[in-house]
Structures are given as structure tokens and as C-alpha cells.
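Below is one structure; the comments refer to it alone.
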Amino acid sequence: MAARLGPADLAPCHGRVLQGEKADPPDPARGGPGMSDVLIVGAGVTGIACARVLQDAGLAVRLIDKGRGIGGRMATRRVTIDAAELRLDHGAQYLSDGPEAEAIAAAAPGAVARWDPGDGRARIVGHGGMAALPRALAAGLDVAQGVEVGAVSPDGAGWRVDTDRGTQVAARVVLSVPAPQIAALVGAAHPFARAVRGVFMHPCLTLLAVFPKEAPAPFVTRRAPARALSWIARDDSKPGRGAAARTWIAQANAGWSGAHIDTDRDAIKVRMRDMLCAEIATDPATARHLAVHGWRHGLTGAPLGRAFLRDGTLWAGGDWTMGAKAGDAWRSGQAMAQDILATLAAA
2 MAARLGPADL
12 APCHGRVLQG
22 EKADPPDPAR
32 GGPGMSDVLI
42 VGAGVTGIAC
52 ARVLQDAGLA
62 VRLIDKGRGI
72 GGRMATRRVT
82 IDAAELRLDH
92 GAQYLSDGPE
102 AEAIAAAAPG
112 AVARWDPGDG
122 RARIVGHGGM
132 AALPRALAAG
142 LDVAQGVEVG
152 AVSPDGAGWR
162 VDTDRGTQVA
172 ARVVLSVPAP
182 QIAALVGAAH
192 PFARAVRGVF
202 MHPCLTLLAV
212 FPKEAPAPFV
222 TRRAPARALS
232 WIARDDSKPG
242 RGAAARTWIA
252 QANAGWSGAH
262 IDTDRDAIKV
272 RMRDMLCAEI
282 ATDPATARHL
292 AVHGWRHGLT
302 GAPLGRAFLR
312 DGTLWAGGDW
322 TMGAKAGDAW
332 RSGQAMAQDI
342 LATLAAA
């Protein structure tokens, strides 16, 4: 799964990240301390890209995200084996070629590394993990983590956002969440809910596997879309991932993932381990660590076809608007930010 952003436990972000912070109460006066110019729901690549532009333009922007870490599917998990820390990218594997990927790299220069999987074409990855990229991009942003949004509704001249930590009010709201989650936030009768009915996102099951350092390494990457394990990568070949063990990422294709996304994780772990070991000529019994992560909305199958949705002062976007890559997520976030600035300039 190249970001490839969909078939991406993060360290704290180096911005103003507030773990499980209690949300501000609504401010009926509008514009007081409880009122953001823009509230962004979802701190993945889209939300961060949007927030970065808006904050740089002088707006008061807050991001909220239900996860423990930021970056969405641009994710890295840390595993300790024999006191050595290993890092495995269990979401987005790298940034695909293109101007958006280069823009992301330019915006996070200290977090970028180049990775050549053996075909002579270097890919952009995060140094020490793909999660390093969103952490760097979000530096200095106001991000509240561990905040789950239940509903978004009109409230006077702005929007009321009800969360499990209280209520927030904002003049403008951006929903940077997977398309299948939008209707639950705005209601089935909202135009956004109707607009995303044709958008489809495939699940993706990902196996994280650690073997002894001397284990076989028959290849660096193997892509075979028609096979159950459509993507296999030797993650320890990436810069800064840890060299104390042989680490592999295996991602199942859309069909296999869809058929097994709700299957018992222990059973899936064994099945994916055995399929992986058959590919890499490794004894399954030598595995030092195994884990499975399921991305229920991992990869866009049928995109929206335009960069974002808008209803007055409510926007929605993500990689699902234009495709399935990190660049599509970045483009959507930037487009929403520019549209917000344009509406302010025209007011």
C-alpha cells in the first residue's frame, strides 16, 4: 500500500498536542475564548494540511482527533525486542511520486528520508517511521487528541460540535474524516451524506511481523495485487527503523481484507503469518512478535471526483475525494484551506 495511504501507537506530536483535553464550553458571545475561527475534525494528513495553511494565514485553528496519535493512516508502531526499539509502518508505506509528495517533504524537511527498495527509484518516507511526517507537519498546531465527535450541527452563525469531552463552537468546521463516517456526524438528511453515497473505501488488514536478524531476506518489496497478501515489505530496510531484527509488513488486498475484517484477530494473525512465511522462506515458529491492524477505511475504491464538499461554512474532505494516496489527502486539505480563505476575502 503506497501512499500509498491506505493499504498509515504514535509518539506525541511536537506541536501543542493536548491528550484527552476537556473541550472548551460553547461561547454564546462568538469570538471569545471558546470560539475557533476554524475547527477541524480529524488530524490526519488532510486536516493537518488544511490547518497549516489557515494558521499561517492568521486564523485561530484547532484540530480534534479521537486517536491517541495524529497522522491517521500515516502511522508507525513501536515494538521493543530484547531492549531494542523497532519501528514498523503499518499504514502508509511511502509517498508516491508527484508534486504533492514533494510538497509534503518540503514542509517537513527534518523528518524526511529517501528509501530505495531495490528498483533504483527512491521513495519518500519518514525518518524513523512514516508517523514522523505528520508530527513534523503539525508542529505548532493546536491539536486535542482522544476527543471523539458525536455530532456536528448548525448553531447560530456557526457550528456546534458535540464531543465526549464537551461541546465546542466554531465559525467554520472542516470534517477530515473517512467518507463513511460523515453521515453519522451531520445526519443522514444532510447534503454531505447524500454526496458521499457513491464513495467507497476498502478495508485493509496489515500484519506486523518481527523475526531474528539472521532470518532470510529474499526481497525488499513484493507487490501482487491479485494475491491475498498484495503488498509485502521488509520494513527494516527503511532508514531509522531499527536493525536489531528482521521486520516485515504484509498488507492484504481489498477482497481478502473485506472478507476477514471482522474475523478474530488471533486467527487472522496466524493465517497472515503463515502466508507471509511461505513468501519469505522463513519458519513461522521463529517469529518474535506478531500483530494485526485492521484499517476499516483503508483505501479508496471509488473517489468523490472533486477536492472537497462544502455547505456554507462546513467543509468535508480527505484522500477519498480524489484518490487513495497521501498526495490526494494533502491536496484536499490545501484546497479546503484556500476555499476558506477565499470566502473570507470575499466577505
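FYI, the numbering for the sequence shown is 2 to 348, going by this note's numbering.
Note that the Cβ used here is the ideal one computed from N, Cα and C, for glycine as well.
Whole-number beta carbon distance between residue j and residue i, since they are thought to touch under 8 Å
| i | j | result |
| --- | --- | --- |
| Trp296 | Gly92 | 7 Å |
| Ile183 | Val197 | 5 Å |
| Ala355 | His290 | What is shown of the chain runs 2 to 348, which leaves residue 355 out entirely. |
| Thr322 | Leu305 | 4 Å |
| Arg115 | Ala107 | Arg115 to Ala107, Cβ: 14 Å. No contact. |
| Ala102 | Ile125 | 5 Å |
| Ser37 | Ala58 | About 14 Å; that fails the 8 Å criterion. |
| His298 | Pro181 | 6 Å |
Beta-carbon proximity check, residue i vs residue j, cutoff 8 Å
| i | j | result |
| --- | --- | --- |
| Val221 | Ala288 | no |
| Gly147 | Arg69 | yes |
| Ala109 | Leu142 | no |
| Leu176 | Ala317 | yes |
| Val39 | Ile341 | yes |
| Gly241 | Gly313 | no |
| Val150 | Leu315 | no |
| Leu89 | Thr248 | yes |
| Ala245 | Leu87 | yes |
| Leu138 | Arg53 | yes |
| Thr47 | Ser333 | yes |
| Ala132 | Ala85 | no |
| Leu230 | Leu186 | no |
| Leu310 | Lys270 | no |
| Ile49 | Ala327 | no |
| Asp163 | Ala152 | yes |
| Gly72 | Gly99 | no |
| Gln335 | Ala234 | no |
| Ala303 | Phe201 | yes |
| Leu206 | Val113 | no |
Beta-ladder partner(s) of residue i, from DSSP
| i | result |
| --- | --- |
| Ile269 | DSSP output for Ile269 lists no bridge partner at all. |
| Gln252 | Thr207 and Trp232 |
| Pro155 | Trp160 |
| Thr81 | Glu86 |
| Val54 | DSSP lists no partner for Val54. |
Cβ neighbour criterion (16 or more within 10 Å) applied to residue i
| i | result |
| --- | --- |
| Arg74 | buried |
| Glu215 | exposed |
| Pro118 | buried |
| Asp275 | exposed |
| Gly111 | exposed |
| Thr301 | buried |
| Pro179 | buried |
| Asp237 | buried |
| Gly199 | exposed |
| Asp66 | buried |
| Gly43 | buried |
| Arg307 | exposed |
| Asp120 | exposed |
| Arg136 | buried |
| Arg195 | exposed |
| Ala347 | exposed |
| Asp267 | exposed |
| Asp83 | exposed |
| Lys23 | Any reading at Lys23 is ruled out, since the residue's pLDDT is 34, under 50, leaving its predicted position unreliable. |
| Ala225 | exposed |
| Gly157 | exposed |
| Gly33 | Per-residue confidence for Gly33 stands at a pLDDT of 38, beneath the threshold of 50, marking its modelled position as unreliable; the derived number appears in the next sentence. Flag for Gly33 reads exposed. |
| Met337 | buried |
### Residue ranges of each beta strand (DSSP E) within the stretch 115 to 147, 3 or longer
Listed in chain order, the complete beta strand (DSSP E) runs (minimum 3 residues) inside the stretch 115 to 147 are 124 to 127 and 143 to 146.
### Task
At 3 residues or longer, and completely inside the stretch 83 to 114: list those beta strand (DSSP E) runs for me, N to C.
Annotation note: the stretch 83 to 114 contains the following uninterrupted beta strand (DSSP E) runs of length 3 or greater, listed N- to C-terminal: 85 to 90.
### Task
Could I get the ranges of all uninterrupted beta strand (DSSP E) runs contained in the stretch 171 to 225, with 3 residues as the minimum, in chain order?
Correct list: 201 to 212 and 222 to 224.
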